[in-house]
Structure formats: structure tokens, C-alpha cells
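One structure is given below, encoded as C-alpha cells.
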Amino acid sequence: MSTSSCVAASFLAPQLLGADFLSIEAGVVTNYNQPIPKGWRFSQPGIDVRDATFCNITLTYTHPGQNDTINVEVWLPLADEWNGRLQAVGGGGWRAGRFPLSFLNMAGAVAEGYATVTTDAGLGDAYDPLPWSFVSPGNINLYALQNLGFISLGDEAAIAKDVIKNFYGKGPSYSYWNGCSQGGRQGTMLAQQYPSAYDGIISAAPAVHWAELFMSNIWPTVYMDITKQYPRGCELNELTSLAVYACDGLDGVKDGLIADPDGCRAKFDPFDYVGTWFTCSNNGSDETVAISEAAAAVAEATWNGPVFSNGKPLWPGFEIGADLAGIAPTDCTSSGCVAIGHKNLEALYQGFLIKDVTLDVTNLTHREFDTFYRLAKRAFQPFLSTDERDLSDFRDAGGKMITFHGLTDSAIPPSNSLAYYKDVAAFLGDTTDFYRYYRVPGLDHCFGGPGGQPESLFAQLREWVEKGKAPEESPVVITTPDNTTQQQVLCVYPKRAVLDPACSDTNSTECWSCTEVYSLPLDGYMQRPL
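For the record, in the sequence shown the residue sitting at position 370 is 372 according to this note's numbering, with numbers rising by one throughout.
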């Protein structure tokens, strides 16, 4: 179809049960330019989009009686440039989509011939959820939570396919989802709630266990307040550096990465380094200080994860090698240090759990921390948690899903993804015919860090869906401490990449093999008592 058909009158309102369409806007975008850096497309390589032309359609609709207004935006390449596929992109944080990172991913998709779509779930693009979280003081906007959680996702897929058929005269041959963080949670939810919506799903660093995720994030601050131990950030950074130095070679090569965090936890004890002197840089000045007991205790608590006041574990912590100073932030002066906390998380608990934004939620007692977890579990489980372990409908529909998670992620603990993968495997048995999980050493949240970006995984997902070729190893390029690059591979869990000691060229992927170091199936990851 030509650009002359890219007008609102060319599109009929989709037939979507429970929805009324308020408006349809359409227009041709020409000479679109957008450089997209490496990593920002998560599972695909960076791309420099030049002189792209596409049809931009925005559909606005409401669910009658729910007082919502949702926008779905679809970008369609010209008919002779369309590859016959749909690639939907996910959101981030509390945003369902239709924000800058979504648009970057859409630009990359449309430049490669995909029709692409995003939704705002009726929430706009604000980072802070509090503006939309209440319908009145003390009353949560449950419809908005429901839209973010799952309703908008089913709507989005149906709307996009309808618009595509309207424009091209046929629907997509294959449909894919690509998302990380909130977008990863959305991808996992799609596999659970709408198992036929997409043929292939990239669910990266997914926020699966919503309540546990937030308890893991506030735990280091709560622990510091409970124990009155407030280390300097530079002490935590030094402990991380020492851990990397001690555990770097566990995979057979010195590359500045902890590839085996489980083995590293067994080998590295932060208390062994108490009293170690180092240079602490702070605001441009250097000072020689010693690692304190407080630093070792906070590091250990962060890695171990939150516990209930009775000492029982609540959830695993962040992996060794993650940014401790960012996870357990403090503000230090000549008179000592205090915990900074995470203001966005404080707002979350004020808004969604206590329902009073004026109450002080800092300096929680351990019993109050327990209570907050129970409140969070009850508040978010029906809407945002995506921990349903029975993916048989998705499997039986022929769907394929790949999850990857950076091991130095300091926003969402990698244990979230591992726990979910193990739970699914415990319930269904071998999942490798439809669901595979990759742990990525040195990768931060979705992208960044010295570890390799798994930018071949989307192409491998396509081969899996369309040709039946399941991905095994996935190539990555890592940056070593001396700022050189090195070719390595990622492995499907429960395998891990190990270097052949007899291989002389550590920069060759042929020197790496995937060795099974964990066992499946499992009986579940850990109990999560309420």
C-alpha cells in the first residue's frame, strides 16, 4: 500500500470486545533519522536509522465505565519494505510503553522492515506512578493497575494485527515481542495470559516477582537502619573490586567478569577483608581508609537478600559483582554516614501500600518490613506479578520465549529470572523446547557494563520460531579491563561457558564450550511465605 493510504479514513476501528475507539490519527513520516546505540535494543544490535519512511497510526480508545484513555501507536513500513512480521516493543519502569526507549526500539524495528507497536496503557509516559495511582485520596486506581498489568497487552496485540491487515491486506506471518525490565515482565505476562498473541518473545530482565523485587531493593537500606551500620560507598566499591579480582578466573580466563557468582560466593568472604587499606575517592579528594565491619556486613546482607524478622529468608539478593554502592547508597560527611534510601520506592509504598503519601516510610523496623512485604504481595499479585509457572498453553500454541538477565543487574536481582525459570521447569519438566534462559556475566540492567550484550538473541529467536532451530550458544563481545574486546559465548541455563585451557586463542568462540554445572528438573526455587 502506498503513502496515499496513510490517512485516518483508510483505517476502520478494530473490533475489540469491551473497548470503544475515540479517535484514529494517521500520517506519513519521511526522512526519519535516529542513531540507536549498542545495547538499547536489548537483544538486537545497534543501528543507525537513516531516511526511514513509514505510516504512523495512533488509535485512542477506552473501556466503557472504567474512565481510561489508552493510546496505541503503530508504525508501518511501506508495503514493499515490510518483511511480513510484527515486532511489538515493551515499556520500562512504571511505563507500559510509548516513551523514548520504546520509540528507539520501534525505529530500529521499522528500519529492518517490521511493523511495530507500543501502548501507553492509559498511563502516559511519566516515570512516577503516583499521578495516576489514585482515583481519589486513599483509593487506588485499580483499572489503571489492571491495564498496566495485562489488559493493555492483549488489546495492543489485537489492535496491531487489525491495523496491519487493514493497511497491507493481510496480517503478519509472525509476531514477536521484544522487551526488558517492565517490558520483560510484559513479555512473561503475554506468555501466561495471552499465549497465542506472539509467536516469539524476548523477556529480558523481567520484573516477574513484583513484591519480592521491591523488598530486595529496599532491604539494604532497611538493614543499614536496623543495624545502624552505614558504610561509605567507596568501601562497597572496593569490596566489589576485590571480589572481581578473587573470582575473575573461575571460568578459566581473566577478563574482569564474575562468570560464576555462585562459586564466587563460596570463595569470597567480605569479612576477610575488614581492615584492608585502600584509597577512597570522594568529591575529587582522596583519602586512605580501611574497609569496615559495617561495609562487610552490608555487602553480605545485600548478596544474601532480605530476611524476615524471625531470620527466615524472604528472597535471594543481588549477585556478587553488582553495584553495591548504588544498591545500598549512603551520604557521608565528616560526622558520619546515613542511608539515602530510594525515593521512588518510598513513594511506591506510600502510594500503593499505605495509601497515604504524607506518612514517613523511612527507618522501618524489621517487623514493619515484614508487614510491608505482606501488603505488597496482596497489592500487586493480582495485577503485576507474572509468576504463573504453568506455561503449557504457550507451549502448546507453539510459542517460543527467551529470557536473559545480566548478572551485575543492580535494579532487578537476577534471582528473579532464575527463580521463575526453575519454577516453570519444576512444574513442566524440560522447557528447552519452548523456553530458554541465559545468564549474562558483566551485564547491567538490560544493557551496559563490561559484559557482552546478547544482541544475537532476537535473530536466534526468529530462527527458532520460523525454522525450528533452537538456540544453544549465543555470541557476545566483552570489554576486558585493559579496554580490549574478546569474543565469548553465552549458554542456555543450566550450562555455563568454560574456556578450554588447552586453547591458545582466548578471543575465539571456538575455545569456549557450554558445560552443565547445575541440575534440572528442580523441586522449585524457594518458599515464599506470606
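All residues carry an ideal CB built from backbone N, CA and C; glycine is no exception. This structure is a prediction, so every number in the text was calculated from the model and none was measured.
Checklist entry - Nearest-angstrom Cα distance between Leu132 and Tyr375? => result 19 Å
Checklist entry - Should Ala378 be flagged as near chain C, meaning a C-beta pair shorter than 7 Å? => result Of the protein chains in this structure there is only one, and it is not chain C.
Checklist entry - Buried or exposed: Trp279, going by 16 or more other Cβ atoms within 10 Å of its Cβ? => result exposed
Next on the checklist: Mapping the DSSP letters down to three states, classify Leu532 as helix, strand or coil.
Outcome noted: Here Leu532 scores only 36 on pLDDT, less than 50, and its place in the model should not be relied on; the value that follows carries that caveat. Coil, per DSSP.
Item to check | Outcome for Phe449 when other beta-carbon atoms lying within 10 angstroms are tallied against a minimum of 16 | outcome: buried
Next on the checklist: With the cut-off set at 7 Å, would you say Arg267 and Ile322 are in Cβ contact?
Outcome noted: yes
Checklist entry - Taking the Cβ atom as the reference point for each residue, do Ala499 and Cys505 lie within a distance shorter than 7 Å? => result Cβ distance not < 7 Å, so Ala499 and Cys505 don't count as in contact.
Item to check | Contact under 7 Å by Cβ, Pro443 with Leu241 | outcome: no
Item to check | Inter-stretch contact at 8 Å, needing at least 3 Cβ pairs: the stretch 394–409 / the stretch 367–385 | outcome: no
Checklist entry - Does the count of Cβ pairs from the stretch 245–255 and the stretch 447–465 closer than 8 Å reach three? => result Between the stretch 245–255 and the stretch 447–465, the count of Cβ pairs shorter than 8 Å is below three; the stretches do not touch.
Checklist entry - What distance in whole Å lies between the Cβ atoms of Ala160 and Ser419, which are believed to be in contact at a cut-off of 8 Å? => result About 28 Å separates the two Cβ atoms, so there is no contact after all.
Item to check | Per-residue burial, Asp257 [other beta carbons within 10 Å of its own, 16 or more giving buried] | outcome: buried
Next on the checklist: My output table needs one value for Phe13: the three-state DSSP class, helix, strand or coil.
Outcome noted: coil
Checklist entry - What residues in its chain sit with their C-beta under 7 Å from that of Tyr116, if we drop five residues either side in the sequence? => result Asn85, Arg87, Leu88 and Gln89
Checklist entry - Between the Cα of Tyr63 and the Cα atoms of Ser6, Leu125, Phe273 and Val479, which residue gives the shortest distance? => result Leu125
Next on the checklist: Suppose the cutoff is 6 Å on Cβ atoms and the five residues either side in sequence are ignored; what does the same chain contact list for Asp53 look like?
Outcome noted: Asn33
Checklist entry - According to DSSP, which residues form a beta bridge with Tyr176? => result Answer is Arg87.
Item to check | Neighbourhood of Tyr196 by C-beta distance below 7 Å, restricted to the same chain and skipping five residues each side | outcome: Leu155, Gly156 and Ala159
Item to check | Continuous alpha helix (DSSP H) stretch holding Gly1: start and end | outcome: The structure shown does not extend to residue 1, since the chain is modelled only from 3 to 532, so the question has no answer here.
Checklist entry - Which class does Leu138 belong to by DSSP, given the choice of helix, strand or coil? => result A small fix is needed here, since residue 138 is Ser in this sequence, not Leu. Strand at Ser138.
Checklist entry - Per DSSP, Glu518 is paired with what? => result Lys497
Next on the checklist: Taking the alpha helix (DSSP H) that Pro79 belongs to, which residues open and close that run?
Outcome noted: Where Pro79 is concerned, there is no enclosing alpha helix (DSSP H), although the beta strand (DSSP E) it sits in stretches over Ile72 to Pro79.
Checklist entry - Can you name, in chain order, every residue of its own chain whose Cβ lies under 8 Å from the Cβ of Gly140, other than the five neighbours on each side? => result Lys357 and Asp358
Checklist entry - Which runs of the alpha helix (DSSP H) spanning at least 4 residues fall entirely within the stretch 307–364, listed in chain order? => result 326–329 and 345–350
Item to check | Beta carbon of Val340 nearer than 7 Å to that of Tyr232 | outcome: Going by C-beta atoms, Val340 is nearer than 7 Å to Tyr232.
Checklist entry - Three or more beta-carbon pairs under 8 Å between the stretch 65–73 and the stretch 469–489, yes or no? => result no
Next on the checklist: For Val74, count the other beta carbons within 10 Å of its own beta carbon; 16 or more makes it buried, fewer makes it exposed. Which is it?
Outcome noted: buried
Next on the checklist: Which residue marks the beginning of the alpha helix (DSSP H) containing Asp392, and which one marks its end?
Outcome noted: Where Asp392 is concerned, there is no enclosing alpha helix (DSSP H), given that its DSSP letter is neither H nor E.
Checklist entry - Quick one: what does DSSP say Leu18 is sitting in, helix, strand or coil? => result coil
Item to check | Thr281, buried or exposed, once every other Cβ within 10 Å from all chains shown has been counted against 16 | outcome: Within a 10 Å sphere around the beta-carbon of Thr281 sit fewer than 16 other beta-carbons, which makes this residue exposed.
Checklist entry - Relative to the alpha-carbon of Leu386, which residue among Ser218, Ser294 and Arg97 has its alpha-carbon at the smallest distance? => result Arg97
Checklist entry - If we ignore side chains and look at the alpha-carbon of each, how far apart do Asp446 and Ile414 end up? => result 10 Å
Checklist entry - Are the beta-carbon atoms belonging to Ile204 and Asn180 less than 7 Å from one another? => result Taking 7 Å as the cut-off, the Cβ atoms of Ile204 and Asn180 count as close.
Checklist entry - What residue from Phe270, Ser283 and Asn284 has the CA that sits closest to Glu302's CA? => result Phe270
Item to check | Enclosing beta strand (DSSP E) for Trp279 [first to last residue] | outcome: Trp279 to Asn284
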